[in-house]
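**Q** In the numbering used here, the protein residues as written are 5 to 726.
So that we are looking at the same thing, I have put the structure below in structure tokens.
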Amino acid sequence: MKIRGMQLLAAALALLLVFSLADAQEKVIQSKVREEALSRLVQVDVSVLKPGSKTYASVPGLTFDQFEVRLDGKLLTPEQQQQVIFEPICDLVPGQGEASSPGPTAGTPSQERPVLVVVDFNYVDSRGRNQVAKMLDELADHAATSHAKYKIYGITRQVRHLTDDFTSDAGEIHAAAELIRNTLHRGAMIRSFHGAPPDPSAGLDSGDSEDIPSDSSESFADLLKDSPFSQLGSGNSSFFAEMVFSDIWGDAHSDYLPSASLAALESILRAHASIRGRKAVLLFSSEAFRYSRKDRLEMEVKGLAELGRQGFTIWTIDVEGVSRKNSGASELLSMLAQDSGGDSIRNTNNLMRAFKGAEEQLSCYYLFSLPMVSSATQTKQHDLTVKLDTTKHKELWGYRVLAPTKLTLLDEHSKLRNQRVSALLSPEDYDNPQVSSVIGYPIAVGAKFVLPVQVRVPLKDLTWLPAGKASRARVLVDAVVERDTGRGSETICRTSTDDLGILEINLPRPPAPGSNVGLTIEIPCTLKRDGLLTVRGVVTDIETGESGAGRSSVLIRQKGLDEWSALELGLQASSGRDYVWTRQMKSAVRDRKRQAWRAVTQEQPAFVEDRSALRYVLCGPERSAARDEIVHVVIRDDGEGDASISEIVPSTGLKLPASEETGSFCSPAMVTLPEFSCEAGSYAFAVLRKGADQQLALDAFLDPQAPLPDGVLGLKRFEIRP
């Protein structure tokens, strides 16, 4: 059996993220944890079902004294019982009012019903994706009246958000369905490469096999041989790009090993483990999601089984289609569902059954917060027994109790390690501190091409503690750059805590809350081949143990077309006040040469004192003619519904990496505005062909909805703050 694609990615990440016991690592752990035992409350969610019940909702109205709880075979002592927090989490029951909650410490019913929806594109083929998309469209119309909120993910070689967060908004769920549907259509993907929105009419009208495209990833890639690959951001375009270059195009493959999908699923669960109470997970996969060896199966689901004891119930849905030749259900899917208290659904066209069952399961249950003693340095496991006290309450004979049978209390080192693994696999789920990871088009350095890769964290987001007369912050940094080969994934370069140790920053005083100063970690990375490249970076604040992560992708082809084009325009800024760190440096140094650039966003705007730059990918017939053929102007909004040309950038202002190659090309291009050259206000960079009427650029600036006129290759709006 071949091990390809996602499992190679998982192997690379595993190598990256094995936390060694090097001196630097030991110092981090010793500064993070205490050696003594730690007292904590551990949450346990419990359901109670009537005999023969056909609902997944628990029986409401039970009280704490109707339960019997044992830890490691021993009943809780009276002192322990007094410390238990008992909360009935139930919707209002018609005719009964609120569910009673007479436990030692009663809580209020929770209104949040979180449901994580995970579509595994590695095992769901074209027909199955169409089924899932239709089901999500049906769910969208139902969600507004439901107590549940949904967060939808797609798994390719990476974890991708199909909704930004938990939502019950019909429009957002319909949009997620459309994203899934568009993975079936080459037209939607081609438009995504060039920044155009997906065609709303794209999609399958029926589940008939003749409507499902049969193109392979290779034939689709052939269609793009004459097109320049553009730089991609971290949005849906890179999601589509992964689908193009993956061997799961159209039809999923049954000869994958599920290890990488399991790792991705585990990272999603870990990212939401802090949500109190029960969480439902719906995994859409197929019967091909399996291991042939029993011992391998039990080993791979160990992490997910532990998470299942932390309030997750996993529902596995076999949407059928990729492995019709195989007989029988996937034991892996069945085990995931059974171990977590969920259900395994297959051989049905009613996929909504999973959503309705998960909602029922979340609508009523009991939350126990138990006093536990954990170790700062050792992971501990405990046996747990929760049952009804039928000696005192004979009326409860025959009722079934669903509760975890084991509790795992991770030590601080393991918790930190698991968090950082999860952050690298699913960066968008970790935003404290705010981390941006940037990968740009390659720059020629002698005979080599070097990728500009940076991981940046704002200093104001870190925890600053007194260090003598100064202030100090400390972080850990991991980053990995991977290339999608079309049939697999390879690690291009990586930087880990083993390389950098603890990054320590000392300042005379902590940064002000509004400060824009950041720490930029540069990663040396040599490019050998074109393709889809992705950087993911994670920064952990040692003092809080919190991690932030970021990711970006670039799809590189260094040969262009015979026509001039400007792709993926982006604005960056350099303050000169950032601190820069590379592997060669003993400590971070001030960026006095303004070599550290940050992407300009709403959260990280450009300021008057910043040096601003337009960065984009310029493609054309001949590199040496670029400065003669391309014109750059800066447009300013006068604030009264009109605009004017603020500045024409001299041709010498266009920076292109030197190259001895001739003929068509694609290359990173950069145009810079000096600091203090623009007052505060609204601006735009425009890229034009020589001889084009500059009034056309003004017209395009004033009408953002209109397509760019002939002669205007690109337009990028930006704000400059005082």
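Heads up, the beta-carbon is just placed ideally off N, CA and C, and yes, glycines get one too.
Mind pulling the beta strand (DSSP E) runs of 3 or more residues that sit fully within the segment 41-90?
**A** You should have 42-53, 71-75.
**Q** Should the segment 574-593 be regarded as contacting the segment 545-553, the criterion being three or more beta carbon pairs within less than 8 Å?
**A** Result no; under three Cβ-Cβ pairs closer than 8 Å.
**Q** Would you decide whether T530 is buried or exposed? Buried here means 16 or more other CB atoms lie within 10 Å of its CB.
**A** Residue 530 sits at position 526 when you count from the first residue of the sequence shown. Result: exposed.
**Q** Please report the straight-line C-alpha distance between V653 and K694, rounded to a whole angstrom.
**A** In the sequence shown, residue 653 corresponds to position 649, counting from 1. In the sequence shown, residue 694 corresponds to position 690, counting from 1. In a straight line, the C-alpha of V653 is about 13 Å away from that of K694.
**Q** Taking the alpha carbon of L712 as the reference point, which residue from L571, L536, L469 has its own alpha carbon closest?
**A** Counting from one through the sequence shown, the residue named residue 712 turns up at place 708. Of the listed residues, the one whose Cα sits closest to L712 is L571.
**Q** If I measure Cβ to Cβ from A181 and keep anything under 6 Å in the same chain, skipping five residues before and after, which residues do I get?
**A** Looking up residue 181 in the sequence shown gives position 177. Taken in chain order, the residues that qualify are A137, L140, D141.
**Q** Measure the alpha-carbon distance for V48 versus V73 and round it to whole angstroms.
**A** In the sequence shown, counting from the first residue as 1, residue 48 sits at position 44. In the sequence shown, counting from the first residue as 1, residue 73 sits at position 69. Answer to the nearest angstrom: the Cα atoms are 11 Å apart.
**Q** If we count Cβ pairs, one from each stretch, closer than 8 Å, do we get three or more for the segment 65-82 versus the segment 388-405?
**A** They touch, by the three-pair rule.
**Q** Measuring alpha carbon to alpha carbon, tell me which of T666, D646, R615 ends up nearest T676.
**A** Position 672 of the sequence shown holds residue 676. For the residues T666, D646, R615, the minimum Cα distance to T676 belongs to R615.
**Q** Return helix, strand or coil for P711, following the three-state DSSP convention.
**A** Looking up residue 711 in the sequence shown gives position 707. Coil at P711, not helix or strand.
**Q** Using the C-alpha atoms, what's the distance from I89 back to D76?
**A** On the sequence shown, position 72 is the one that residue 76 refers to. On the sequence shown, position 85 is the one that residue 89 refers to. Their Cα atoms are separated by approximately 19 Å.
**Q** Tell me, which residues are paired with D545 by DSSP?
**A** Here residue 545 corresponds to residue number 541 of the sequence shown, with the count starting at 1. For D545, which the question treats as bridged, DSSP gives the partners V479.
**Q** Count the other C-beta atoms from every protein chain shown that fall within 10 angstroms of the C-beta of L81, then say buried if there are 16 or more, exposed otherwise.
**A** Along the sequence shown, one-based indexing puts residue 81 at 77. Residue identity check: residue 81 is Thr in the sequence provided, not Leu. The residue in question, T81, is exposed, as its Cβ has fewer than 16 Cβ neighbours within 10 Å.
**Q** Where does A662 fall in DSSP's three states?
**A** The residue labelled residue 662 in the question sits at position 658 within the sequence shown. In the structure shown, A662 sits in coil (DSSP, three-state: anything other than H, G, I, E or B).
**Q** Which runs of the beta strand (DSSP E) at least 3 residues long sit entirely within the segment 493-572? Give them in chain order.
**A** As far as the segment 493-572 is concerned, its whole beta strand (DSSP E) runs of at least 3 residues are 493-499, 507-511, 522-527, 535-545, 551-560.
**Q** Quick check: what's the CA-CA separation for S378 versus Q314?
**A** Counted from its first residue, the sequence shown places residue 378 at position 374. Counted from its first residue, the sequence shown places residue 314 at position 310. About 15 Å.
**Q** Quick one: grab the DSSP three-state call for L463.
**A** Along the sequence shown, one-based indexing puts residue 463 at 459. DSSP places L463 in helix when its eight states are reduced to three.
**Q** Where does G237 sit, in a helix, a strand or coil, going by DSSP?
**A** By one-based count along the sequence shown, residue 237 stands at place 233. Legend: pLDDT at G237 = 42, less than 50; position of this residue unreliable, value from coordinates given subsequently. In this structure, G237 counts as coil in the three-state DSSP scheme.
**Q** In the DSSP assignment, what are the bridge partners of A776?
**A** Given that the chain is displayed from residue 5 to residue 726, the structure contains no residue 776 and the question cannot be resolved.
**Q** From what residue to what residue does the alpha helix (DSSP H) around S344 run?
**A** Counting from 1 along the sequence shown, the entry for residue 344 is found at position 340. Counting along the chain, the alpha helix (DSSP H) containing S344 begins and ends at 335-344.
**Q** Using three-state DSSP, classify F705 as helix, strand or coil.
**A** One-based indexing of the sequence shown puts residue 705 at position 701. The answer is helix: DSSP assigns F705 an H, G or I state.
**Q** Would you list the residues sitting across from V121 in a DSSP beta bridge?
**A** Here residue 121 refers to the residue found at position 117 when the sequence shown is read from its first residue. Its beta-bridge partners are I156, L286.
**Q** Report the CB separation of Y154 from A147 in whole angstroms; it is logged as a contact under 8 Å.
**A** Working through the sequence shown from its first residue, we reach residue 154 at position 150. Working through the sequence shown from its first residue, we reach residue 147 at position 143. Y154 to A147, Cβ: 6 Å. Contact.
**Q** Got a sec, what are the start and stop residues for the alpha helix (DSSP H) E142 sits in?
**A** Looking up residue 142 in the sequence shown gives position 138. Looking at the DSSP string, the run of the alpha helix (DSSP H) that includes E142 is 130-147.
**Q** Rounded to the nearest angstrom, what separates R619 and V604 at their Cα positions?
**A** Here the question's residue 619 lines up with position 615 in the sequence shown. Here the question's residue 604 lines up with position 600 in the sequence shown. Whole-angstrom Cα-Cα distance: 11 Å.
**Q** Express the C-alpha separation of Q342 and K54 in angstroms, rounding to a whole number.
**A** Locating residue 54 in the sequence shown gives position 50, where the first residue counts as 1. Locating residue 342 in the sequence shown gives position 338, where the first residue counts as 1. Straight-line Cα distance between these residues: approximately 19 Å.
**Q** Please report the distance separating the alpha-carbon of A483 from that of E310.
**A** Here residue 483 corresponds to residue number 479 of the sequence shown, with the count starting at 1. Here residue 310 corresponds to residue number 306 of the sequence shown, with the count starting at 1. Roughly 27 Å separates the two Cα atoms.
**Q** Out of curiosity, what's the CA-to-CA distance linking R424 and R274?
**A** Mapped onto the sequence shown, residue 424 falls at position 420. Mapped onto the sequence shown, residue 274 falls at position 270. Rounded to the nearest angstrom, the two C-alpha atoms are 10 Å apart.
**Q** I'd like to confirm the pairing. Which residues does DSSP put opposite A603 in its beta bridges?
**A** In the sequence shown, residue 603 corresponds to position 599, counting from 1. Answer is Q576.
**Q** Determine the DSSP secondary structure at V323, reduced to helix, strand or coil.
**A** Taking the first residue of the sequence shown as position 1, residue 323 is located at position 319. Of the three classes helix, strand and coil, the one that applies to V323 here is coil, per DSSP.
**Q** Just list the residues that DSSP pairs E723 with in beta bridges.
**A** For the purposes of this step, residue 723 is taken as residue 719 along the sequence shown, with counting starting at 1. E723 pairs with S686.
**Q** Assuming S686 and E723 form a contact by the criterion Cβ under 8 Å, report the distance between their Cβ atoms to the nearest whole angstrom.
**A** Start at 1 with the first residue of the sequence shown, and residue 686 comes out as number 682. Start at 1 with the first residue of the sequence shown, and residue 723 comes out as number 719. S686 to E723, Cβ: 6 Å. Contact.
**Q** Just to confirm the assignment, what range does the beta strand (DSSP E) spanning R404 have?
**A** The residue given as residue 404 occupies position 400 in the sequence shown. R404 -> beta strand (DSSP E) spans 404-406.
**Q** Are the CB atoms of S373 and L575 within a distance shorter than 8 Å?
**A** Position 571 of the sequence shown, counted from the start, is the residue given in the question as residue 575. Position 369 of the sequence shown, counted from the start, is the residue given in the question as residue 373. Result no, Cβ atoms of L575 and S373 do not sit closer than 8 Å.
**Q** What is the C-beta distance between G541 and S441, in whole angstroms, given that I count them as a contact (C-beta under 8 Å)?
**A** Translated into the one-based positions of the sequence shown, residue 541 becomes position 537. Translated into the one-based positions of the sequence shown, residue 441 becomes position 437. 4 Å between Cβ atoms; contact.
**Q** Quick one: grab the DSSP three-state call for L308.
**A** As a first step, residue 308 must be located in the sequence shown, where it is residue number 304. Three-state DSSP puts L308 in a helix.
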